[in-house]
Amino acid sequence: MTTPAINLKAISSLFVGGKTAVLSDLPVEHRSMVLNGAPREVNPNGHHVYGQMYAQHFQLAAPKRPLPVLLWHGGGMTGATWETTPDGRPGWLWRFLEAGYDVFCCDAAERGRASFAMSPHVYREPPIFRTAEEGWKTFRLGLDYAGNPADRHVFPGQRFPVDSFDDFTKQWVPRWPAHEDMILEAYEALVERVGKCIVVAHSQGAGFAVEIARRRPNLVQRVVAVEPGGMPDALPATGLPPHLVIWGDHIEPSGSHWMGYRKQADAYFAAVSETSDITTLDLPANGVFGNSHFPMMDSNSDEVFKDVAAWLER
């Protein structure tokens with residue numbers, strides 16, 4: 031796909047949700063806080079805001095679509111997921127703007143520009159950091175990772191730009207276990223603020239999108255769930271808005287981790303399919319092989335986007 035110019039009316043940002051924690055009886059330090067600065071008092075006691083999320087709003091001068099698209103990332107990631115592919119091609123953020131949608135590109139609570147809080151004073155557990163080894167296997171690029179790129183196992187026909195994997199690792203961020211309720215609270219506040227919308231989400235974020243659609247079917251008009259990880263623990267009281275669920279390749283060779291996520295998602299969508307419009311785009315089943323956990327970053331990301339755009343327009 032080409033990248034024609036886009037006429038934007040505005041780029042703005044907003045923070046949504048959040049709570050305040052009050053800390054006391056913590057030691058006061060004296061630290062230099064600027065280049066070559068003299069130490070000054072750093073007092074952590076007081077009010078700390080946490081749990082907010084960040085959204086960057088791209089408004090077209092003449093949008094062609096009535097509803098904005100909200101882009102939600104996966105675990106240990108940020109909105110950078112949607113901006114540019116690891117090998118430098120336009121991401122789905124740009125493609126949605128080209129297609130005439132206003133877009134909100136989001137960083138969930140505790141991620142990226144949403145920031146995070148003191149641990150263990152506000153966040154009770156320490157964060158988890160993803161290794162390159164974990165990312166390589168979890169994202170289904172291959173079975174074995176090695177420091178030397180030439181020694182890494184790559185699945186046959188792999189569409190992820192593996193030559194850019196080392197640069198891709200630089201956008202990963204820490205994540206905290208058991209923060210699902212906090213993140214969902216902020217996402218729900220965002221949907222309430224934006225109003226009727228389309229949510230396009232990936233991995234952990236796709237699980238959150240399905241849950242918010244269950245809670246707010248009057249606001250979430252459509253969901254595109256790219257490789258969802260985690261599903262709601264309750265069925266909707268009424269019918270869900272239409273969902274498009276996208277799956278890549280190499281799920282079975284990657285073992286029980288991914289087979290479990292797929293089984294959980296299939297069971298949820300099967301349970302709601304009698305009252306809801308659920309479409310599954312299983313890429314290998316449709317003759318498209320080699321996609322990783324990141325179809326929006328793979329070499330055929332534009333082709334997969336065309337399928338998404340066609341589903342949204344139908």
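Per my numbering: the sequence shown = residues 31 to 344.
The C-beta atom is built at its ideal place from N, Cα and C for all residues, glycine as well.
Keep in mind that this is a model prediction, so the values were computed, not measured.
In this structure, how does DSSP classify L123 when only helix, strand and coil are distinguished? helix
Under 7 Å Cβ to Cβ from V133, same chain only, skipping five residues before and after it: list those, please. F88, P98, V99, L101, L123, F126, L127
Checking 8 Å against the spacing of the C-beta atoms, do A243 and P271 come in under that value? yes
Grab the span of the alpha helix (DSSP H) containing L342 for me, first residue to last. Looking at the DSSP string, the run of the alpha helix (DSSP H) that includes L342 is 331–343.
Collapsed DSSP secondary structure at E241 in the structure displayed: helix
Does DSSP put W288 in a helix, a strand or coil? helix
Residue range of the alpha helix (DSSP H) that includes F231: Position check: residue 231 holds Ala in this sequence, whereas Phe was assumed. Here A231 belongs to no alpha helix (DSSP H); instead the beta strand (DSSP E) covers 227–232.
Looking only at its chain, what residues have a beta carbon closer than 6 Å to the beta carbon of Y291, apart from the 5 residues adjacent to it on each side? G259
Who are E282's beta bridge partners in DSSP? According to DSSP, which records beta bridges pairwise, E282 is partnered with nothing at all.
Provide the residue(s) that pair with E257 in DSSP beta bridges, ordered along the chain. The partner list for E257 (beta bridge, DSSP) is empty, contrary to what the question assumes.
Beta-carbon gap between Q234 and G47 smaller than 8 Å: no
Whose C-beta lies closer than 8 Å to the C-beta of P247 among residues of the same chain, with five residues either side of it excluded? P266, T268, G269, L270, P271
Identified DSSP bridge partners for F45: Y84
Helix, strand or coil, according to DSSP, for A236 in the structure here? helix
What three-state label does DSSP hand F159 in the structure shown? coil
I'd like to check one pair, R170 with W288: are the Cβ atoms closer than 8 Å? Yes; because the gap between Cβ atoms is below 8 Å, this pair is in contact.
Taking a contact to mean a Cβ-Cβ separation below 8 Å, would you say H232 touches V253 in this structure? no
With 16 other Cβ atoms within 10 Å as the buried cut-off, status of R205: That one is buried.
Quick one: what's got a C-beta closer than 7 Å to K226's C-beta in the same chain, skipping five residues either side? L97, L249, Q251
Pick from F319, N330, Y153, T111: whose alpha carbon is nearest that of V203? T111
Run of the alpha helix (DSSP H) containing I213, from where it starts to where it stops: 210–224
Assuming D312 is part of the alpha helix (DSSP H), what are its boundary residues? It is not in any alpha helix (DSSP H) - D312 instead sits in the beta strand (DSSP E) that spans 308–312.
Pick from A340, V275, P207, V224: whose alpha carbon is nearest that of R160? P207
Under 8 Å by Cβ, that's how I've got R141 and T108 pegged, so tell me the actual separation to the nearest angstrom. 5 Å
Looking at the structure shown, is K200 part of a helix, part of a strand, or coil, going by DSSP? DSSP places K200 in helix when its eight states are reduced to three.
So for F169, helix, strand or coil by DSSP? coil
Which residue marks the beginning of the beta strand (DSSP E) containing R70, and which one marks its end? 70–72
Would you check if the distance between the CB atom of V338 and the CB atom of I308 is smaller than 8 Å? no
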